[in-house]
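Engineer: Here it is, the structure in full.
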Amino acid sequence: MSLSNNDKSITEEFKPRVSIVIPVYNGADFLAEAIQSALDQTYADVEVIVVNDGSNDGGATERIARSFGSAIRYLEKNNGGVASALNLAIQHMTGEYFSWLSHDDLYVEDKIARQIAFLSGREPEHTIVYSDYFIFTGLEKNRAARICMPSVQPEFFRYWITAQSALHGCSLLIPRTAFDVAGSFHEGLRTTQDYELWFRMAGKYRFLHLPEALISARSHENQDTNRIADVAFREAGDLYLGFVKSMNPSEIPGKSPSEIGASYLLLASGLWQRGFNDAAAYSVKKARQYGVSFAHVLASQLIAVFARSLRRYARAMLTPQSRQVIRKAVTCLVPSHRGR
Numbered sequence: 298m299s300l301s302n303n304d305k306s307i308t309e310e311f312k313p314r315v316s317i318v319i320p321v322y323n324g325a326d327f328l329a330e331a332i333q334s335a336l337d338q339t340y341a342d343v344e345v346i347v348v349n350d351g352s353n354d355g356g357a358t359e360r361i362a363r364s365f366g367s368a369i370r371y372l373e374k375n376n377g378g379v380a381s382a383l384n385l386a387i388q389h390m391t392g393e394y395f396s397w398l399s400h401d402d403l404y405v406e407d408k409i410a411r412q413i414a415f416l417s418g419r420e421p422e423h424t425i426v427y428s429d430y431f432i433f434t435g436l437e438k439n440r441a442a443r444i445c446m447p448s449v450q451p452e453f454f455r456y457w458i459t460a461q462s463a464l465h466g467c468s469l470l471i472p473r474t475a476f477d478v479a480g481s482f483h484e485g486l487r488t489t490q491d492y493e494l495w496f497r498m499a500g501k502y503r504f505l506h507l508p509e510a511l512i513s514a515r516s517h518e519n520q521d522t523n524r525i526a527d528v529a530f531r532e533a534g535d536l537y538l539g540f541v542k543s544m545n546p547s548e549i550p551g552k553s554p555s556e557i558g559a560s561y562l563l564l565a566s567g568l569w570q571r572g573f574n575d576a577a578a579y580s581v582k583k584a585r586q587y588g589v590s591f592a593h594v595l596a597s598q599l600i601a602v603f604a605r606s607l608r609r610y611a612r613a614m615l616t617p618q619s620r621q622v623i624r625k626a627v628t629c630l631v632p633s634h635r636g637r
């Protein structure tokens, strides 16, 4: 992204403080690297807040955090989950913008600077920025695959995150006021607290895409979504059903009833492929209300079930790195919803 002279002058005036929040539970393996990537930001006015969510690793997480001294703010609390740790940081942050960094992920050094520059002149107080990201396994940062996000029209953003669920929360830059308007992270959710909040925020704020990869996300077996996969799947199923029920027709891409029906059927197909059958069934119900034939529904379901079977086979046969490369290619080819 290049900046015009006008953008540069606006950027010089728009220099809000940004709070980078790192929630951590038993994160001794990767925490130091994450903190350092936050401290290495080229943007000047940054505070780094580390929240120890009741780690029980013999003090290892605390020692690593405290070793950074006054360069960071260190908070600790009884274990309550990542949502509660994030909410505590939001209560204590002094920044005008919030940026989440998982303890096992890394920021590109100009993550904050690029997003602040992008926000300049774009009604920043009403805008949330999301970006592309790299994903890698273990310590193989040099073999990271880039995941490309589409540029989605803000009015269709809730449809997109329901259909694809590819957004990475650590790529976001969020105005502090958005939490006052939309609410905080849902502390009753273990693994879907981020998407539940993004969906709420998208009803009140516009999400704009900065097409640059600004974080490196680490995939490893100790992540919550891997350790408690059954809980994550049940939570996600309930969440997506709620999403589909919450969206009104103006949030569904399409100019005519037939186009809206086709969008609902496309949504159902994506949900079937991921195994969220209740949400898919409700999407089909809406598609039928907009005139989609039973034959089209059946054909879409058969294709989706076949695709899901292929995905299961691929997960069993391919290495995590190979799956990431394939996902990268598929994600970069996904068309964005650009209008009705």
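First residue of the sequence shown: 298, per the working numbering; consecutive thereafter.
Where a beta carbon is used, it is the ideal one built from N, C-alpha and C, also for glycine.
(1) Cα separation between residue 333 and residue 316?
(2) What does a CB cutoff of less than 7 Å around residue 549 pick up in its chain, not counting 5 residues either side in sequence?
(3) Pull up the distance between the alpha-carbon of residue 391 and that of residue 312, whole angstroms please.
(4) What are the boundary residues of the alpha helix (DSSP H) that residue 537 is part of?
(5) Answer with buried or exposed for residue 553, where buried requires no fewer than 16 other C-beta atoms within 10 angstroms of its C-beta.
(6) Taking just the CA atoms, how far does residue 544 sit from residue 337?
(7) Considering only DSSP beta bridges, list what residue 397 is partnered with.
(8) Evaluate the contact criterion for the region 527-545 versus the region 404-422: three or more CB pairs, one atom per stretch, below 8 Å.
(9) At which residues does the alpha helix (DSSP H) containing residue 361 begin and terminate?
(10) Please report the distance separating the alpha-carbon of residue 482 from that of residue 349.
(11) Relative to the alpha-carbon of residue 441, which residue among 462, 414, 418, 402 has its alpha-carbon at the smallest distance?
(12) Can the beta-carbon of residue 385 be found closer than 9 Å to that of residue 372?
(13) Compute the beta-carbon to beta-carbon distance between residue 512 and residue 581, rounded to the nearest angstrom, for a pair I have assumed lies under 8 Å.
(14) To which residues of the same chain is residue 501 closer than 6 Å at the C-beta, ignoring the five residues directly before and after it?
(15) Grouping DSSP H, G and I as helix and E and B as strand, with all else coil, what is residue 311?
(16) With burial defined as no fewer than 16 other Cβ atoms inside 10 Å of the residue's Cβ, what is the status of residue 485: buried or exposed?
(17) From this set, 469, 555, 314, 473, which residue's C-alpha is nearest residue 589's C-alpha?
(18) Going by DSSP, which residues form a beta bridge with residue 434?
(19) How should residue 320 be labelled, buried or exposed, when 16 other C-beta atoms within 10 angstroms of its C-beta is the threshold for buried?
(20) What does the Cβ neighbour count give for residue 629, buried or exposed, with the cut at 16 atoms within 10 Å?
(21) Please classify residue 347: does DSSP put it in a helix, a strand, or coil?
(22) Please list the terminal residues of the continuous beta strand (DSSP E) segment that includes residue 444.
(23) Taking the CB atoms as reference points, tell me whether residue 509 and residue 428 lie closer together than 9 Å.
Structural biologist: On the basis of the data shown:
(1) Straight-line Cα distance between these residues: approximately 15 Å.
(2) 456, 557, 560, 561
(3) 14 Å
(4) 526-543
(5) exposed
(6) Between residue 337 and residue 544, the alpha-carbon positions lie close to 40 Å from each other.
(7) 318
(8) no
(9) 357-363
(10) 17 Å
(11) 402
(12) yes
(13) Not a contact, Cβ separation roughly 36 Å.
(14) 478, 479
(15) Coil.
(16) exposed
(17) 555
(18) 516
(19) That one is buried.
(20) Caution applies to residue 629, whose pLDDT of 48 falls short of 50 and renders its modelled position unreliable; the model cannot decide the point.
(21) strand
(22) 442-444
(23) yes
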